[in-house]
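Novice: Before I ask anything, let me first share the structure, which is written out below as C-alpha cells.
In our numbering, the protein residues as written are 34 to 1250.
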C-alpha cells in the first residue's frame, strides 16, 4: 500500500505550524504481498496444509488496510500568502474624533489623550489633566467628566491628576475613573441628552486616598495617596459597588451610600500584601490587570457573586467579591488559582496591559500614535469576511493560498474563527456556501498552477492539494463530473504520470476517492501494467465503485494486460456473471499454455464463491447473489455429464474430454487433486449442503461422486491422490457424521491409506486425519492398528490413546519418541510430563504397577528429561513424588547431575534434611568439590545445624572438603563441632602452604589468605579460649616478622589488630588479669617491638579515639533529648491547630478580631469568675450560643450549628455515621 500523506504538525491553537500542505519526498507503493515462497506476485497463494483456507493476495492486503487504517489527514491548513494580503483586520481612522483630540484647543483645555474606554453609547477619552471626554458614535463630543466642582476646565488651573483608567457600569449610566494620585471618581451620567458640546458633568462622589498613618493608626482602608489606581470596575449590575486595584498590588471593594444628602463610600481590602507600599523591584506584588466578569444578557448566579480575575507576575486568581446572602457586604472567597505555566519564561517574562485597545460589537477600537509623537489617532477596525480575504488572494494571483484558505473554511470546526469571518458554524450550511466558490477557484487555478513543471516540489504540493480538495468535496468518496473534469485537466498537464498515480493510489486505498473518469482509469491500468506494481491493480480496482466504470473499456484493458483477477472481479461485480470466469479458466488449463501455479487461481475462485465470498476482495456476498453464484459453479463442477457453453450453442465444454462421469470434477482432480479436495473441503462448511430440500447436492452425494471417480480412474488410485482422498474423508466424516454414511470397507481402507503414507509433507495431515476419524470409528483389530500407527510414526495419536486408557508409561514413551525423532526440545512440552505424573501419583485410583513402570521409565530416560528441563524436573518431582529426585544419584553425566542439584538446593528454602535431601546433599558436595567454581561455604553454613544428627554423612562431607582443599568450609564444620584448635590448624596450614609457594602471590591468593585469617578470628571469638588467642596471635606475629612480602605483612598486622580488638570486646581474664594483657605479654616475649610498633600504635589510638567519640556522642544525645523534650512540652501547650476561621456549617467567623461583641462579653464574664474564684457564678446558659466545638481534624462548629445538623459531638464531615 502506498504511504500516507505525512500528518501536519498542529500547534497548541489547533492550527498548522507550517505554511503549506506537506509533500513527501517519494511516493512509492508498498507491495501488497511479498513473495516469500518463490511464487510470482501475480500467481495465487498456494495452500500447503489441508486445513488452509483459500485466500488471494488482494484479500490479504485489503484486510491489512482494514486492520491498519490510514492516519486521518489533518483538516486544518494554513494559507501561504504574500505580505500584501496577510491582514485579518481592516482599519479605518475615526477622522472627526482624531481631528478634535489633536486640535490645539482640545489639548489646551483638556490635555493630551492618554487612553480610551467604550460603552454602549460613547467612546471615552481620558486625558493627562484628569478629564474624561466622551464622544458618541457619530464622532460628536457629548460631555466632559470632571472629578470635582472646584476643578475647572480653564487653562489657568490644572486637573488634580492624570486619568489612569476608566470604566462604565453595565447599563452605561454610570462611569468611574481612577487617578494617579490614588483617588477614584464616580459620575452619574443620567439618561438625558447633552445640552451642548462638551457638557460638563461633575463627579457624583470621589473616593479619596489615605495616608500610611491613617492606614495603620486609624485602621482606615483605601488606596494610598500618590499610588496610581490602574484599574477600576463596576461589580455586576451594581452602579454603587466598585472594585479597584493600584500600582502597589492592593485590590479594594468600594460601596457607595447616601447620608445627609451626600454620597459616601466605604472601602475594604480584598487582595494584596504590600500595605506599606514597599519598593517592588522584582515585581512580586505588581498587578498586571484585574477585571470583573461582565454582566451578560441572561441572569446568572455569577452576576450576584461578582467574580473578579486578578493576574500578576506569578499567579492568576479568581475571587468572588460578594456573598449570596447579603450582596451589600463584601465576602471575598478564592474560587480558582493558577500559577504561571512552566512554558512561560521566568523573570524575563512580561505581561503588558493597557487602555489603548478595546472591543465592542465585533469592532476593534484602538488609540495609537500618529505620524507625530504628539498626535494620537483612534482607529476602528473590523475583521475581513472570508469572501474579502479570498478576493484579496485572487487579486494578487495567490491561487495556492486562496485554495488553502477556502479548504480551511470548508473543514474548520473553530467556531470563533467561523463567526469572525462571517461563515455559518453549522457544517452543512457552511459547506453549501463555500463549496461552489471552492470549485470555481479550483477551475481557475488549474492552468496557472500546472502550466510550468520547472518547480517539481511545488507542482507536487499543488497536486496533493487538489487531490485533498477533491476528496473532501466528494460525497462518501464518489467524485462528481465537475471534479473529475478538473482531475482530467491536471492529468493532461502533469508530466510525471508515475507521481500522479502514486498520489491518487493513496486516496483510492483510503476510500476517499472511489470512482475515476475513463481517461484516468485507462491511464491507471496502463501505468501500473507497465511498472512493477501490477499486483496492486486488482486491489485498487476492488476498491473503486464498479457502477461508474465503463465495462467494455475495463474488460478490454484487463484482457490486454493479462489481469485475471481484475477481469473476474468485473465479470462478477458488474455483470453478475460467475460462469464465464470458470469456463475461461478451464479452457486455459486445457490449453496448457500457462504455468501450473498461475492456473491455481481457478481453485481460489471456486473456494470463494462456494463459501459465499466475493473474489478477490473476500467480501461476503448478499444472500440472493450468493445462491446464484454458488449454483453457477456447482452446475459445472458437479455436472454428471457434458456442459454446453455458451448455453444457446451446441458447443460442449472440454469437447471429447467430457465423455465420462462427472467430467469436470474429474478434470480438476486430474489437474491437481490436493487443491480440488481442499476446495470441496471448504465447500462442505456451507450449510446449504445440510438438507436435500435446498437441492440434490449434498455432502453424501459429493463423497459418493468422489469414490466413483477414484474407483474408475486408475491414475487417481496411485501416489498422493489416494492419500489426499483418505485425508478428505477422515477429516469430514467425523464433522458431518449425521449427514454422511460410509461403509466399513471404505473406512478401513481410509485408515490403511493414512497409515501407509510415506510422504513427509503429508505426515502431519495424515496423523490429524486419523486422530479425527478414530474419534467416531472403532477398528476391528486394536493391536494391528497400534502397530500400523507405530510404524507410521503417529506418536500423537498413540499418546492420546495410551493416556485415555491410563497407560501413562506407554504414553510417555510415545511422547519421548516423537521428540527424539523430530529432534525438538522436550522443554516445550514439559506440561505433558506434569500431567502424567499428576495422573499417576495423585490420582484417587492409584495404580501401583503403573507407578513402578513410570518410575522405571523416568529412570531409564532421566538424562534426556533433565538435559533441558532440570528446573522443571525438580519442581515436578518435589510436587508429585519427591523420591524421584534420588534418581539423580545414578546419573552418570556429572555436569547434568550438578546442574540438577544446584536447581534442587536453590529451590529448597528451609535447611531441614530428610531421607531425600540428605544423600543429595552429600552428592552435591562431591560434585562441587570437582567443579571448583561454585562456592561451598554458604552451603555448609546453611545446613550446618541440620547435619548435627547425621554424623556419617557429616564425616563424609568433611572428607570431601579436605580432599577438595576447601579449608574454610572444613573449618566451619570443625568449629561447629567444638574442634576449634583443629579448625585453626587446618586454616593455618593452608595459609602456610600458600605463603611458601614458589613465585609471587597472586591477587586471588591475597584474598584467600585474608578470608582465612578473618575466619580464624571468628573461630577465636566463638571458642573464648585464652590459649587459642595466644597461639593465634603468636602465629600471626611470627609470620609477620618472617615474611618479606609487604602486602602480606600489612594483612597480618591488620589481623593482629583485629585479634586484640576482638579480645578486648568479648573476653575478660579469670585471674583478675585481662586476656588482652596476657596475650599482649606473650606477644612481647616472641616479637620485636619495632616490628609491631605500627600495630600497637593503631590499637592505642583506636582506644583513645573510641573513648572520646563515646563521650561526645553521649553529650550530643543528651542535648538532643533535652531539645526534643522542650519541643514536646511546647506542642502540648499549643493544643490543636484550627485552620478554618469560619464555622463549617454556617460559614460565620468563630474567632479573631472580626467576631461579634457578644463573644467578648462571654470571655470577660468567664475571666471575672476565675479571678474572683467563683466559677459557679458564670452563667453558661446565658452564653450558650457562643459555645464552640473544635475537632482534631481542624474543623470547627458553633454548638447550635452542630446540634442542628445532628453532629452529637462529632465532626459530620470526617466522622459520618
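Glycine included, C-beta positions come from ideal geometry on N, C-alpha and C. Keep in mind the model is a prediction, meaning the values are calculated, not measured.
What did DSSP end up calling residue 342 once you bin it into helix, strand or coil?
Specialist: Taking the chain shown and counting its residues from 1, one reaches residue 342 at position 309. It is a strand residue.
Novice: What would DSSP say about residue 721, mapped onto helix, strand or coil?
Specialist: To locate residue 721, count along the chain shown from 1; it is residue 688. In the structure shown, residue 721 sits in a helix (DSSP, three-state: H, G or I).
Novice: In angstroms, rounded to a whole number, what distance separates the CA positions of residue 770 and residue 810?
Specialist: Within the chain shown, residue 770 is the residue found at index 737, counting from 1. Within the chain shown, residue 810 is the residue found at index 777, counting from 1. Distance between the alpha carbons of residue 770 and residue 810 is about 10 Å.
Novice: Since residue 666 contacts residue 643 with CB under 8 Å, what's their CB separation in whole angstroms?
Specialist: For the purposes of this step, residue 666 is taken as the residue at position 633 of the chain shown. For the purposes of this step, residue 643 is taken as the residue at position 610 of the chain shown. So it is a contact: roughly 6 Å between Cβ atoms.
Novice: Keeping to the same chain, check which residues put their C-beta closer than 8 Å to that of residue 1247; ignore five residues upstream and five downstream.
Specialist: Locating residue 1247 in the chain shown gives position 1214, counting from the first residue. Result list for residue 1247: 1224, 1226, 1228, in chain order.
Novice: So what does DSSP say about residue 327, is it helix, strand or coil?
Specialist: Within the chain shown, numbered from 1, the residue matching residue 327 stands at position 294. Residue 327 falls in the coil class under three-state DSSP.
Novice: Should residue 934 and residue 953 be called a contact, given that it needs their Cβ atoms to be closer than 8 Å?
Specialist: Taking the chain shown and counting its residues from 1, the one referred to as residue 934 is at position 901. Taking the chain shown and counting its residues from 1, the one referred to as residue 953 is at position 920. Cβ distance < 8 Å, so residue 934 and residue 953 count as in contact.
Novice: Excluding the 5 residues preceding and the 5 following residue 45 in the sequence, name in chain order all residues of the same chain whose CB lies nearer than 8 Å to its CB.
Specialist: The residue labelled residue 45 in the question sits at position 12 within the chain shown. Confidence in residue 45 is poor, its pLDDT being 37 and thus under 50, which makes the residue's placement too unreliable to answer from.
Novice: Using DSSP with H/G/I as helix, E/B as strand and the rest coil, what is residue 1152?
Specialist: Position 1119 of the chain shown, counted from the start, is the residue given in the question as residue 1152. In this structure, residue 1152 counts as helix in the three-state DSSP scheme.
Novice: Quick check: what's the CA-CA separation for residue 396 versus residue 154?
Specialist: To locate residue 396, count along the chain shown from 1; it is residue 363. To locate residue 154, count along the chain shown from 1; it is residue 121. So the two alpha carbons sit approximately 14 Å from each other.
Novice: One question on the structure: do residue 1007 and residue 979 come within less than 8 Å of each other, judged by their Cβ atoms?
Specialist: In the chain shown, residue 1007 corresponds to position 974, counting from 1. In the chain shown, residue 979 corresponds to position 946, counting from 1. No. Outside cutoff.
Novice: In three-state DSSP terms, what is residue 551?
Specialist: As a first step, residue 551 must be located in the chain shown, where it is residue number 518. Helix.
Novice: Looking at C-beta atoms only, is the number of pairs between the stretch 446-462 and the stretch 503-519 that lie closer than 8 Å three or more?
Specialist: no
Novice: On a Cα-Cα basis, can you pick out the residue from 754, 761, 890, 202 that is closest to residue 269?
Specialist: For this step, residue 269 is matched to residue 236 along the chain shown. It is 202 whose Cα lies nearest to the Cα of residue 269.
Novice: So what does DSSP say about residue 1057, is it helix, strand or coil?
Specialist: Within the chain shown, the letter at position 1024 stands for residue 1057. Reduced to three states, the DSSP call for residue 1057 is coil.
Novice: Give the DSSP-derived three-state secondary structure of residue 359 in the structure shown.
Specialist: The residue labelled residue 359 in the question sits at position 326 within the chain shown. Note: residue 359 maps to coil in three-state DSSP.
Novice: Who does residue 169 pair with in a DSSP beta bridge?
Specialist: Translated into positions along the chain shown, residue 169 becomes position 136. 155.
Novice: May I ask you to list the residues that DSSP assigns as paired with residue 266?
Specialist: Residue mapping note: residue 266 aligns to position 233 of the chain shown, counting from 1. Answer is 276, bridged to residue 266.
Novice: Using the C-alpha atoms, what's the distance from residue 1142 back to residue 1153?
Specialist: Sequence index remark: in the chain shown, residue 1153 carries index 1120 (1-based). Sequence index remark: in the chain shown, residue 1142 carries index 1109 (1-based). Going by the C-alpha atoms only, they are around 16 Å apart.
Novice: When the Cα atoms are used, what is the spatial distance from residue 661 to residue 772?
Specialist: Position 628 of the chain shown, counting from 1, holds the residue named residue 661. Position 739 of the chain shown, counting from 1, holds the residue named residue 772. If you take the alpha carbons of residue 661 and residue 772, they lie about 24 Å apart.
Novice: On the criterion of 16 or more Cβ atoms from any shown chain inside 10 Å, does residue 493 qualify as buried, or is it exposed?
Specialist: For this step, residue 493 is matched to residue 460 along the chain shown. Residue 493 should be labelled buried.
Novice: Does residue 174 pass the burial test, meaning 16 or more other C-beta atoms within 10 Å, or should it be called exposed?
Specialist: Numbered from 1 along the chain shown, position 141 holds the residue referred to as residue 174. The residue is buried, with at least 16 neighbouring Cβ atoms inside 10 Å.
Novice: Do residue 125 and residue 143 have their CB atoms nearer than 8 Å?
Specialist: Your numbering for residue 125 matches position 92 in the chain shown. Your numbering for residue 143 matches position 110 in the chain shown. Taking 8 Å as the Cβ cut-off, residue 125 and residue 143 do not qualify as a contacting pair.
Novice: Using the C-alpha atoms, what's the distance from residue 200 back to residue 157?
Specialist: As a working mapping, residue 157 is identified with position 124 in the chain shown. As a working mapping, residue 200 is identified with position 167 in the chain shown. The alpha-carbon atoms of residue 157 and residue 200 are separated by roughly 9 Å.
Novice: So, for residue 529: in the same chain, excluding its five sequence neighbours on each side, which residues have a beta-carbon less than 6 Å away from its beta-carbon?
Specialist: For the purposes of this step, residue 529 is taken as residue 496 along the chain shown, with counting starting at 1. Closer than 6 Å at the Cβ level, and outside the excluded window around residue 529, lies no residue.
Novice: Does the separation of the CB atoms of residue 977 and residue 1005 fall below 8 Å?
Specialist: Sequence index remark: in the chain shown, residue 977 carries index 944 (1-based). Sequence index remark: in the chain shown, residue 1005 carries index 972 (1-based). Yes. Within cutoff.
Novice: My guess is that residue 557 and residue 523 are in contact by the Cβ rule of under 8 Å, so how many angstroms apart are they, rounded?
Specialist: The count along the chain shown starts at 1 and reaches residue 557 at position 524. The count along the chain shown starts at 1 and reaches residue 523 at position 490. Not a contact, Cβ separation roughly 14 Å.
Novice: Can we count residue 335 as close to the ligand FMN, meaning its CB is less than 7 Å from some heavy atom?
Specialist: You won't find the ligand FMN in this model; it holds no ligand whatsoever.
Novice: Alpha helix (DSSP H) containing residue 1194: first to last residue?
Specialist: Working through the chain shown from its first residue, we reach residue 1194 at position 1161. Where residue 1194 is concerned, the enclosing alpha helix (DSSP H) stretches over 1190-1204.
Novice: May I ask which residues mark the beginning and end of the alpha helix (DSSP H) holding residue 905?
Specialist: The sequence position of residue 905 within the chain shown is 872, counting from 1. Per DSSP, residue 905 belongs to the alpha helix (DSSP H) from 903-913.
Novice: Tell whether a beta-carbon distance below 8 Å holds between residue 804 and residue 829.
Specialist: As a working note, residue 804 is residue 771 in the chain shown. As a working note, residue 829 is residue 796 in the chain shown. It is a contact, given that the beta carbons lie within the stated cut-off.
Novice: Have a look at the DSSP bridge pairing and note the partners of residue 1229.
Specialist: The sequence position of residue 1229 within the chain shown is 1196, counting from 1. 1223, per the DSSP bridge assignment.
Novice: Exposed or buried, residue 547, counting other C-beta atoms within 10 Å across all chains shown (16 or more means buried)?
Specialist: Start at 1 with the first residue of the chain shown, and residue 547 comes out as number 514. Buried.
Novice: Give the straight-line distance between the Cα atoms of residue 714 and residue 506, rounded to the nearest whole angstrom.
Specialist: Looking up residue 714 in the chain shown gives position 681. Looking up residue 506 in the chain shown gives position 473. Going by the C-alpha atoms only, they are around 47 Å apart.
Novice: Helix, strand or coil for residue 773, going by three-state DSSP, please let me know.
Specialist: Residue 773 sits at position 740 when you count from the first residue of the chain shown. Residue 773: coil per DSSP, three-state reduction.
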